[in-house]
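First up is the structure itself, then whatever we jot down about it.
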Amino acid sequence: MSISERNRKRVFPWTFYLLPLLHLAVAIPLAYYLNIWTDEASTLYSTKDGLSLAFANAANEKQSPLYFVLLSGWRLIDDSVFFARLFSVIFSTLSIFSFFEAARRFWSERTSILATFFFAIHPYLFWSATEIRVYSLVILLTLILFNLYARIYLSEEKQPVWVYSVFVLFSIFALYTNFYLGFLLAGLFAALLVMGDYKSSLKFLLLMLPVGIAFLPLFFLTLTTFTTGLDGTVLESEPLDGVRRVWHHILSFALPTELFPPENQTWMSFVRVWILRLIILTGLGAFFYRRKLPERPVIIFGVVCAVIAALLVFAFHVLGMLYVEIRHAAVLFAPFMLFSTAVIRDLISKKEYRAWLFGPIAVMVMVFYSYGFVSTHPNFTKRGDWTRVGRFVEANEKPGDSIVVFRVYETLAFRESYSGSNEVYPKEKYFDWNYEGEIGTAEVWPKQIEYLISVIPRENGRVWLLTEEYCQETKACEPLEKFVKENYTVVLTKDFYKERVRLLENR
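For the sequence shown, the working numbering assigns the number 1628 to the last residue and increments by one with no breaks.
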């Protein structure tokens, strides 16, 4: 009996349970304390009317609808922000169990626990656990699908029919949850081809037929999303921009620094790039020096990761960069963590190497994990710092003031964080606006700014104007700033994390 087969027959060891407990000890306080940000507010807005409208509201987000349906049902119990985040915390915790199950199919119990430890405390997993978005569920579904796939195609034991049926059902469930999980299915198929298992490849394709048929109702929505991009146009990009974007995501999974990188590279990110370049060159040299193929897990997870990464690059050039942010790479996270484990395990397979290599590697990873965790939530706040913004406006406003938020989409986050009695504008068209020109220029949001100006109550003497970071850092809001300069006097300015608050008075 192989190590993996022996491990799968055992229950989870008691030491393993410390890992989900450690994850929960960090994720739950974060879920309670962190302010809401715009993407989360849009999810709450899309699920506030219950199950009946969840499918329709998902179209606003250009997302598969199932997550919104599930969250709508969950919020019938309690509609607080914290309870909505607990939905994601549950998925991230279950992902730890699924990751360990996937790891011990290939490696010893000790190796699997170590790999799961670094997965459980990864800043990206904590980030997804505290998002009222689909990403935590995507990570869980990625691992569930792989475990079912491994049981069917990578095990020597013949599986009962129900296992195949469950794999089909979860594949359908996955596509209705997030389109990008289809990238994982493509990667799993490619892995069979690369391993030369053509018989299983054919069986896999046949198994995907009912999945494809079940997906047809969403096919045209998917087709529209992938062919028209954000608003019928895709902003121009250089041929290698997509590769650079996905490469950054991979760097963030390997040695996290800033999940949302600043405009200028930090010294920590610079160091990370050179460390990983050295590791990659050393690893390739070691593989060539041994003159033998990598172990089976390296090939399997390597192919899966390569296919997912290639399809993300494709999505970048078809849809634009806003559809290949770090959050959209959730489908790549777990496979990459397993691939990293496989590579390290293969390169230091000899016990005498492990003794002196593991310590330095672990210390280096923990340093980057700590930095990544802190940089993801500076001052323990999310983008926009909306809780503090809301409190600041409440403390300084007067009856009859108007509150105007730009971008229009950002209004949703402020509404969730504001308890005052003054009117907040705009009141509609939250999802109607996209990029109209080159990012960072005055041509990026002209129609949206024109609409915003049209809804500002000109008769009110005082207006609170809330603008996001791009208005401060780029020329994106030049038309709005010109309007403000011509019609108002700025009497108060306060900067928050990624947000600026100004009090304007009529000239």
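Glycine included, each C-beta is placed from N, C-alpha and C at the ideal position.
Just so it is clear, the structure is predicted and the values come from calculations on it, not from any experiment.
Query	Result
Chain C contact for P1383 (CB, 9 angstroms cutoff)	Absent here is chain C; the protein component of the structure consists of one chain.
Residue range of the unbroken beta strand (DSSP E) whose run includes T1588	1583-1589
Three-state secondary structure assigned by DSSP to E1161	helix
Spatial neighbours of L1573 in its chain, beta-carbon cut-off 6 angstroms, leaving aside the 5 residues before and after	F1527
Nearest-angstrom Cα separation, counted from Y1153 out to H1144	14 angstroms
Terminal residues of the beta strand (DSSP E) in which V1612 lies	1609-1617
Of the residues I1465, L1327, Y1410, the one placed nearest P1481, counting alpha carbons only	I1465
Nearest-angstrom Cα separation, counted from D1318 out to L1278	The amino acid at residue 1278 is misidentified as Leu; the sequence shows Glu. One C-alpha to the other measures close to 16 angstroms.
Which of helix, strand or coil DSSP assigns to R1623	strand
Backbone secondary structure at S1523 - three-state DSSP	strand
Cβ contact (3+ pairs, closer than 8 angstroms) linking the segment 1521-1539 and the segment 1273-1290	no
K1503, buried or exposed, once every other Cβ within 10 Å from all chains shown has been counted against 16	buried
Cα-Cα separation between N1156 and N1543, rounded to whole angstroms	21 angstroms
Limits of the alpha helix (DSSP H) - the one that V1190 falls within	1187-1196
Endpoints, the beta strand (DSSP E) within which Y1546 is located	1544-1546
Proximity below 9 angstroms, CB of G1363 to CB of H1438	yes
Range covered by the alpha helix (DSSP H) that runs through F1408	1388-1411
Short Cβ contact (9 angstroms threshold) for P1150 with T1497	no
Under 9 angstroms between C-beta atoms of F1460 and V1419	yes
Length of the line joining the Cα atoms of S1229 and A1236	11 angstroms
Segment contact flag, the segment 1613-1628 with the segment 1577-1585, C-beta cutoff 8 angstroms, min 3 pairs	yes
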